[in-house]
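Chains A and B, in that order, are what the protein sequence lines are. Heads up: the first sequence begins at 506 in our numbering, then just goes up one per residue. Heads up: the second sequence begins at 12 in our numbering, then just goes up one per residue. Below is one structure, written out as structure tokens; comments come after it.
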Amino acid sequence: MRDDIAAIFEQVLGRPVAISDDTDIVEDLGMDSLGVMNFVMAIEDFYDLSIPLDRVAQIQTVADLIRAVEELKSGTAA
Amino acid sequence: MTILAKHAGYRQAYDALLAHGVDPLNVRFDSVLSPTEGLWNGRRTILLGTNNYLGLTFDSDCIERAVEATRGQGTGTTGSRVANGTYDGHKRLEEALADFYGREHAMVFSTGYQANLGVLSTLVGRGDHLMLDADSHASIYDGSRLGMAEVIRFRHNNPDDLYKRLRRLEGVPGDRLIVVEGIYSMLGDTAPLKEIAAVKRETGAYLLVDEAHSLGVLGRTGRGLAEAAGVEADVDFIVGTFSKSLGSVGGFCVSDSPDFDLLRIVCRPYMFTASLPPGVMASTHEALKKLRAEPALRVNLMRNATRLYDGLTAMGFQTGPEPNPIVAVTMPDQTTAGVFWKMLLESGLYINLAVPPATPANASLLRTSISAAHTIQQIDTALDIFADVGRKLGFLQSDRRRAAGAL
């Protein structure tokens, strides 16, 4: 899943990125709020799900994102 | 470090504008002379950014009604309708709004912002789903945060994306409420309401339209985009404001929902704030009568809007997708936008500088709003000033406005 996410980051940012679980999406990748929104929408399209705004607000790192996608896909969202 | 230091990022962006002598947040008019003119720095300045669509702020009948009501009933209600009671003016204004929209119920709020806070936070609750257009106004986002519903954002003006997101919710319990705006306040584009209404019907969602910028502007009788698109029967709730076409301040919601009056005992932004003063209700009521009785206002408004839109577009400026009484020119960056805006003001033209994060796609915009009260001469003067500043800043290669002939 991390490779897919990296590919989506690259597509949205238009440049190659190296990510790990600890990568901070805003701080480390230099995304502004518009970039985050476009990225979230690309993730939503790829995984065919919607991430509610309160969940988006909780996502800080790549690991947070992976957890959110997994929970939403399996329908066990907190 | 102060407690506000966390917002330092915004200060930096603002300081960058100030460094260029641009201070859009401190434009002080010596006086406002009419719906279309003010005195700024001792100079007569055309107002082309005040959302005064029908130009009713100086209407003599509206002023007279406000004066009468103020003399007769005082300057304020000094409290909420729950605590201090309902004035005759509240009830009559609500009846007039319900009659205008052909709806069973109407409810008046103290501002348009509060109407969205109140309605959005109350119609949906925990376990429900609120579907917002990504470019929604701040009051819609804030309303969504005040309530407990799950908030899902769909791509701006994209019914297919909305449909896809509602499909993903199939089998999930809870009500769905779709929220769109009649005219979006930054670029002046309208929602594809026919298509959104079709999605609403197919998915069993409710539909709310915020007609803040389209009341008195769109539709055969001025009811807004829902009327213009012919889908009023599909729209469950209409929210709007008195502070634009109706020339005062306040907000409202109309609906045919049979238990609509429940809102009056559960909607906190309605219950826990002072109600509108008698003078405001009286002028608003009179302005609504004018809106209904004088369709020529809308004709003049669209004539002016189209003239400005066509003129700016012909000069080569990047404008929005359709001519409406909001016309925005996209600038390459925030500093250029700020300098352009300042030069317009110093040349006698007041418009709005709109910069991120308040704008779609982080654009820097020169936002104008047009009034029925503008004369053709004022629109042409505005175009000349745009052309002049545009040339000075190297935007216009040639004077294409003249080449475009009589607009």
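No residue lacks a Cβ here, since even glycine has one placed at the ideal position from N, Cα and C.
About 16 angstroms separates the beta carbon of residue 59 of chain B from that of residue 256 of chain B, a gap too long to meet the 8 angstroms contact definition. Taking residue 143 of chain B as reference, the option from B:390, B:301 and B:217 with the minimal CA-CA separation is B:217.
Of the candidates B:209, B:212, B:168 and B:215, B:168 places its Cα closest to the Cα of residue 194 of chain B. By the neighbour-count definition (other C-beta atoms within 10 Å, threshold 16), residue 283 of chain B is an exposed residue.
161, 162, 163, 164 and 166: these are the residues of the segment 157-169 of chain B whose beta carbon lies less than 8 angstroms from some beta carbon of chain A, given in chain order. Burial is judged here by how many other beta carbons sit within 10 angstroms of a residue's own beta carbon; residue 23 of chain B has fewer than 16 and is exposed. Here residue 533 of chain A carries a coil assignment [DSSP, helix/strand/coil]. When the Cα atoms are used, residue 508 of chain A and residue 537 of chain A turn out to be separated by approximately 22 angstroms. For the pair residue 178 of chain B and residue 206 of chain B, the Cα-to-Cα distance works out to about 15 angstroms.
With contact defined as three or more Cβ pairs closer than 8 angstroms, the segment 342-357 of chain B and the segment 275-290 of chain B are not in contact. Shown here, residue 62 of chain B sits in coil according to DSSP, grouped into three states, outside any helix or strand. Taking every protein chain shown into account, the CB of residue 119 of chain B has 16 or more other CB atoms within 10 angstroms, so this residue is buried.
Between residue 221 of chain B and residue 260 of chain B, the C-beta gap is not smaller than 9 angstroms, which leaves the two residues out of contact. With respect to residue 236 of chain B, residue 204 of chain B sits close: the two C-beta atoms are nearer than 9 angstroms. DSSP, reduced to helix, strand and coil, places residue 554 of chain A outside both helices and strands of the structure shown, so it counts as coil. Shown here for residue 200 of chain B: same chain residues with a beta carbon closer than 8 angstroms to its own, the five before and five after excluded, namely 168, 194, 331, 332, 333 and 335 in chain order. In terms of beta-carbon proximity, residue 557 of chain A lines the interface with chain B, with at least one pair separated by less than 9 angstroms. Residue 533 of chain A is outside the set of residues whose beta carbon lies under 9 angstroms from a beta carbon in chain B. Under DSSP, residue 162 of chain B shares a beta bridge with B:141. Of the residues assessed, residue 28 of chain B falls on the buried side of the cut-off, its CB having 16 or more other CB atoms within 10 angstroms. Residue 159 of chain B and residue 370 of chain B do not touch by the CB rule: their CB atoms are close to 29 angstroms apart, not below 8 angstroms.
For the segment 365-382 of chain B, the set of residues with a beta-carbon nearer than 8 angstroms to any beta-carbon of chain A comprises 367, 368, 372 and 373, in chain order. Of the candidates B:310, B:281, B:307 and B:348, B:281 places its Cα closest to the Cα of residue 95 of chain B. Closer than 9 angstroms to the CB of residue 145 of chain B there is at least one CB belonging to chain A. Annotation: the continuous beta strand (DSSP E) that includes residue 252 of chain B extends over 248-252. Judged by DSSP secondary structure, residue 392 of chain B falls within the alpha helix (DSSP H) whose first and last residues are 387-403. In the DSSP assignment, residue 514 of chain A falls within the alpha helix (DSSP H) that extends over 507-518. Under the Cβ criterion (8 angstroms, minimum of three pairs), the segment 381-394 of chain B counts as touching the segment 60-71 of chain B. DSSP, read as helix, strand or coil, puts residue 225 of chain B in coil. Annotation: residue 64 of chain B to residue 519 of chain A spans about 42 angstroms, alpha carbon to alpha carbon. Contact between the segment 146-157 of chain B and the segment 532-551 of chain A is not established, with fewer than three Cβ pairs separated by less than 8 angstroms. Between residue 394 of chain B and residue 363 of chain B, the alpha-carbon positions lie close to 15 angstroms from each other.
When Cβ-Cβ separations below 9 angstroms define contact, residue 155 of chain B makes contact with chain A.
Taking 9 angstroms as the cut-off, the beta carbon of residue 248 of chain B is found closer than this to the beta carbon of residue 219 of chain B. The beta carbon of residue 287 of chain B sits no closer than 9 angstroms to any beta carbon of chain A. Residue pairing for residue 282 of chain B: DSSP places it in no beta bridge.
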